[in-house]
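Engineer:
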């Protein structure tokens, strides 16, 4: 662990399992505002941009109400539908004890990111949180990694990105940092 100057984590599928919650929140608002049932596959096909971008595209004139409703549903159901993976909090605490800067780089929007990190009890462990709202592109863009590297003046060869998806791996490759991939299911 002491070989790394900084470690970056993805959230969904890496720190916690939130896919069912995300699917349920999108289904909730599409059924309520569009009277339409969407499949998990239809939702997955839209992954990349933040929830706000997806909702703006889908909801048009009902966007503001749908966004508020999505976030309220996401927060209300989080405890029942998503939890931190075993050992994650302990691993983060161990890394913090070594004074290694920790970052989040996620495609989620700021609102759902903050909800998830607070609900799983790890928000305060991160020195930097980069969401899809904070960058121009989305993964596999290395922009979120680059922000962390520059802010903490880190040597790229001593930075580790941990994620579960091809976009995480490709973002790490594009940024020239080390890669670790996790598979929970």
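Residue numbers (our numbering): 7 to 191. From the three backbone atoms N, C-alpha and C, an ideal C-beta is built for every residue, glycine too.
#1: State the Cα-Cα distance for the pair residue 162 and residue 168, rounded to the nearest angstrom.
#2: Pull up the distance between the alpha-carbon of residue 149 and that of residue 10, whole angstroms please.
#3: With a threshold of 8 Å between beta carbons, is residue 125 in contact with chain D?
#4: Here's the rule: buried if 16 or more other CB atoms are within 10 angstroms of the residue's CB, otherwise exposed. What is residue 130?
#5: Assuming residue 17 and residue 122 make a contact with CB atoms under 8 Å, what is their CB distance in whole Å?
#6: What distance in whole Å lies between the Cβ atoms of residue 56 and residue 138, which are believed to be in contact at a cut-off of 8 Å?
#7: Going by DSSP in three states, residue 168 sits in which element: helix, strand or coil?
#8: Quick one: Cα of residue 67 to Cα of residue 34, how far?
Structural biologist: According to the structure data:
#1: 14 Å
#2: 20 Å
#3: Looking at the structure shown, chain D is missing, and only one protein chain is on hand.
#4: exposed
#5: 6 Å
#6: 4 Å
#7: strand
#8: 17 Å
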